[in-house]
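In the UniProt record's numbering, the protein residues as written are 1 to 227. We put the CB at the ideal spot given by N, CA and C, even for glycine. Below: the structure, in C-alpha cells.
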C-alpha cells in the first residue's frame, strides 16, 4: 500500500521536528518535506506533490489562508489539514472557504492528528469540537439577529428543532434518536440549514460548499460532534 505523503508547514522549527518524528512512527505515512512559511509551502507542494499538508495559520510571507487558496488552485488534489492554536471563527470560515479539508487545534492528542490525516486522505472532512461549536454558534447568533419572520420563512419547524439540538452539542446520531429520524434525514435538514445563507457567506455557492463540509464530515476527533 502506498504511503500518504505529508508536508508540514509551520514557522516553528521545534513543532515541525516534533510532528515529523511523530508521523515517522506511522507505517502508512511519510513526511516528504517541511516548510517554514506559507510561500515555501506553496512552492514545495508544486514540487513534491504531497497528499496532505499540515498547515499553520500565522506564518511569514503568506498566511495559512493565502497558502491554502494557492495550493488548492494549483494542486487541487492535495488536501489541507489546518493545525493551529487559533480558534477564531474568522479563521475557521476563511480556511474552510479556501478549501481546507480539516481544522484541528494543536492541543489535540497525537493519535487524533494522525487519524485526521488518514481521514482527509480518504476524502473525509475533519472538524474538531471547538470549530464545530463555533460554526453552530455562528448560525444561531445570526438567526437571532435576523428578522424572526425571515428566519422562520427560511427554515422549517423541523429544521429549527434540529438546529436547536445541534447547537446544544448533540451529534447527528443523538438528534436522530431523539426525534426518531434517520441519519440521512438529519444530514439533509442540516445541509438545508447551512444552505439558507444562515452563515451570511458572500455567495450561495460558498455556503453550499461549507454545508457539504459540515454535513458530510465522515470523521470527527474524540471530543467532537459529527455534522
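By alpha-carbon positions, which one of 1, 69 and 43 ends up nearest to residue 101? Against the chain shown, residue 101 aligns to sequence position 101. Per the Cα distances, 69.
For residue 184, is the classification buried or exposed, using 16 other Cβ atoms within 10 angstroms of its Cβ as the cut-off for buried? Translated into positions along the chain shown, residue 184 becomes position 184. Its Cβ having fewer than 16 others within 10 Å, residue 184 is exposed.
To the nearest angstrom, how far is it from the Cα of residue 43 to the Cα of residue 158? Position 43 of the chain shown holds residue 43. Position 158 of the chain shown holds residue 158. Taking the straight line joining both Cα atoms gives about 48 Å.
Could you please give the first and the last residue of the uninterrupted beta strand (DSSP E) stretch that includes residue 86? Taking the first residue of the chain shown as position 1, residue 86 is located at position 86. Neither: residue 86 is in no beta strand (DSSP E) and is coded neither H nor E.
What's the gap between the Cα of residue 206 and the Cα of residue 95? Indexing the chain shown from 1 puts residue 206 at position 206. Indexing the chain shown from 1 puts residue 95 at position 95. Here the model assigns residue 206 a pLDDT of 45, short of 50, so the residue's position is not dependable, and the following value carries that caveat. Going from the Cα of residue 206 to the Cα of residue 95 covers about 12 Å.
Per DSSP, what are the beta-bridge partners of residue 5 in this structure? Locating residue 5 in the chain shown gives position 5, where the first residue counts as 1. Beta-bridge analysis with DSSP links residue 5 to 30.
Distance check for residue 6 and residue 45, CA to CA, integer angstroms please. On the chain shown, residue 45 is found 45 positions in, with the first residue counted as 1. On the chain shown, residue 6 is found 6 positions in, with the first residue counted as 1. The alpha-carbon atoms of residue 45 and residue 6 are separated by roughly 10 Å.
Given a cut-off of 8 Å, decide if residue 48 and residue 83 are closer than it, judged by their beta-carbon atoms. Locating residue 83 in the chain shown gives position 83, where the first residue counts as 1. Locating residue 48 in the chain shown gives position 48, where the first residue counts as 1. No; because the gap between Cβ atoms is not below 8 Å, this pair is not in contact.
Can you round the beta-carbon distance between residue 64 and residue 99 to whole angstroms, since I take them to be within the 8 Å contact cut? As a working note, residue 64 is residue 64 in the chain shown. As a working note, residue 99 is residue 99 in the chain shown. No, residue 64 and residue 99 are not in contact; Cβ-Cβ is about 12 Å, not under 8 Å.
Neighbourhood of residue 111 by C-beta distance below 6 Å, restricted to the same chain and skipping five residues each side: Here residue 111 is taken as the residue at index 111 of the chain shown, counted from 1. Closer than 6 Å at the Cβ level, and outside the excluded window around residue 111, lies no residue.
Can you give me the C-alpha to C-alpha distance between residue 4 and residue 109, rounded to a whole angstrom? Residue numbering aside, residue 4 sits at position 4 when the chain shown is read from its first letter. Residue numbering aside, residue 109 sits at position 109 when the chain shown is read from its first letter. Straight-line Cα distance between these residues: approximately 20 Å.
Between residue 35 and residue 13, which are expected to be in contact by the criterion C-beta below 8 Å, what is the C-beta distance as a whole number of angstroms? Within the chain shown, numbered from 1, the residue matching residue 35 stands at position 35. Within the chain shown, numbered from 1, the residue matching residue 13 stands at position 13. The Cβ separation is near 11 Å, so there is no contact.
Determine the burial state of residue 223: buried for a count of at least 16 other Cβ atoms within 10 Å of its Cβ, exposed for fewer. Counting from one through the chain shown, the residue named residue 223 turns up at place 223. Annotation note: pLDDT 41 at residue 223 (below 50); position unreliable, no value reported.
Distance, Cα to Cα, residue 15 vs residue 85? Taking the chain shown and counting its residues from 1, the one referred to as residue 15 is at position 15. Taking the chain shown and counting its residues from 1, the one referred to as residue 85 is at position 85. If you draw a straight line from the Cα of residue 15 to the Cα of residue 85, it is about 12 Å long.
Could you round the C-beta distance between residue 81 and residue 120 to whole angstroms and report it? I think they count as a contact, below 8 Å. Position 81 of the chain shown, counting from 1, holds the residue named residue 81. Position 120 of the chain shown, counting from 1, holds the residue named residue 120. Indeed they touch by this definition, with Cβ atoms about 6 Å apart.
Residues near residue 51 in its chain [Cβ-Cβ closer than 6 Å; skip 5 each side]: Along the chain shown, read from residue 1 onward, the residue named residue 51 stands at position 51. Counting only Cβ-Cβ distances below 6 Å, and skipping sequence neighbours, we find 4, 5 and 121.
Specify the secondary structure class of residue 104 as computed by DSSP and reduced to three states. Counted from its first residue, the chain shown places residue 104 at position 104. Here residue 104 sits in strand by DSSP.
Among 76, 77, 105 and 75, which one has its Cα closest to the Cα of residue 89? Locating residue 89 in the chain shown gives position 89, counting from the first residue. Measuring from the Cα of residue 89, the nearest candidate turns out to be 105.
To the nearest angstrom, report how far apart residue 79 and residue 116 are at their CA atoms. What you label residue 79 is simply residue 79 of the chain shown in a count that begins at 1. What you label residue 116 is simply residue 116 of the chain shown in a count that begins at 1. If I take the Cα positions, the gap works out to 11 Å.
Residue 114 - containing alpha helix (DSSP H), residue span: What you label residue 114 is simply residue 114 of the chain shown in a count that begins at 1. Counting along the chain, the alpha helix (DSSP H) containing residue 114 begins and ends at 110 to 121.
Please report the distance separating the alpha-carbon of residue 41 from that of residue 67. Taking the chain shown and counting its residues from 1, one reaches residue 41 at position 41. Taking the chain shown and counting its residues from 1, one reaches residue 67 at position 67. Approximately 7 Å, taken between the alpha carbons.
Does the ligand PLP have a heavy atom nearer than 7 Å to the CB of residue 94? The model on display carries no ligand, and the ligand PLP is accordingly not part of it.
Helix, strand or coil, according to DSSP, for residue 201 in the structure here? The residue given as residue 201 occupies position 201 in the chain shown. Model confidence at residue 201 stands at a pLDDT of 45, short of 50, so the residue's coordinates are unreliable and nothing is read from them.
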